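Asks: Dropping the structure in here first, questions after.
Residue numbers (our numbering): 33 to 230.
Printed below as a string of structure tokens:
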């Protein structure tokens, strides 16, 4: 198993109370640390990966949550649904213009919750994402952080092949950086992440 997703979901639940709110969930095609069954008034799940959203749509239907959860495939910046909170799940650093994304989010809801990697995390070095994370961190500081909580965890992989499969989509630099683990088993890489309320 890579990160402890159950703990990460608990961290989110303790950081911000989504109960009874209309929530725009950006990056919803991932692991869904914000569970569709969270007692929100309405959850609008948004992601550009339309194919990956099909699994979420099926899970929502299977849980009988279709009336409370709307699944939207497309670019967040083209969405104009108003709510109580916009929640970014490990995706702000991937956005072409994080400041523009935050400004758009603020035009839709008073609370912005950003769950993402921490700058300086060893894990993002191996994923070759340190520049992206540093950029989004700087943008959040400029935008104005009302509350922040940081966490330390680990990414764990039983074999090098598991680690390779996880980072290979990040490209040649990430693959080159993990070569030091080739032939290793029970690989543990420190993973720092944070929650921000803007």
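Yeah, the Cβ is synthetic: ideal placement off N, Cα and C, and Gly gets one too.
Keep in mind the model is a prediction, meaning the values are calculated, not measured.
My assumption, with CB atoms under 8 angstroms, is that residue 44 sits in contact with residue 57. Please give the rounded CB distance.
Replies: Locating residue 44 in the chain shown gives position 12, where the first residue counts as 1. Locating residue 57 in the chain shown gives position 25, where the first residue counts as 1. The Cβ separation is near 11 angstroms, so there is no contact.
Asks: Compute the beta-carbon to beta-carbon distance between residue 20 and residue 117, rounded to the nearest angstrom, for a pair I have assumed lies under 8 angstroms.
Replies: Residue numbering for the chain in the displayed model covers 33 to 230; residue 20 lies beyond these limits and cannot be assessed.
Asks: Would you check if the stretch 133-145 and the stretch 75-94 touch, i.e. whether three or more CB-CB distances between them fall below 8 angstroms?
Replies: At 8 angstroms Cβ cutoff, the stretches do not touch.
Asks: I'd like to know whether the C-beta atoms of residue 221 and residue 189 end up nearer to each other than 9 angstroms.
Replies: Along the chain shown, read from residue 1 onward, the residue named residue 221 stands at position 189. Along the chain shown, read from residue 1 onward, the residue named residue 189 stands at position 157. Yes. Within cutoff.
Asks: Using a Cβ-Cβ cutoff of less than 8 angstroms, which residues in the same chain neighbour residue 215 once the five nearest sequence positions on both sides are dropped?
Replies: Taking the first residue of the chain shown as 1, we reach residue 215 at position 183. Taken in chain order, the residues that qualify are 192.
Asks: May I ask you to report which of helix, strand or coil DSSP gives residue 222?
Replies: Position 190 of the chain shown, counted from the start, is the residue given in the question as residue 222. The answer is strand: DSSP assigns residue 222 an E or B state.
Asks: Jot down the residue ranges of each uninterrupted beta strand (DSSP E) in the stretch 69-94, minimum 3 residues, whole runs only, in chain order.
Replies: 74-79
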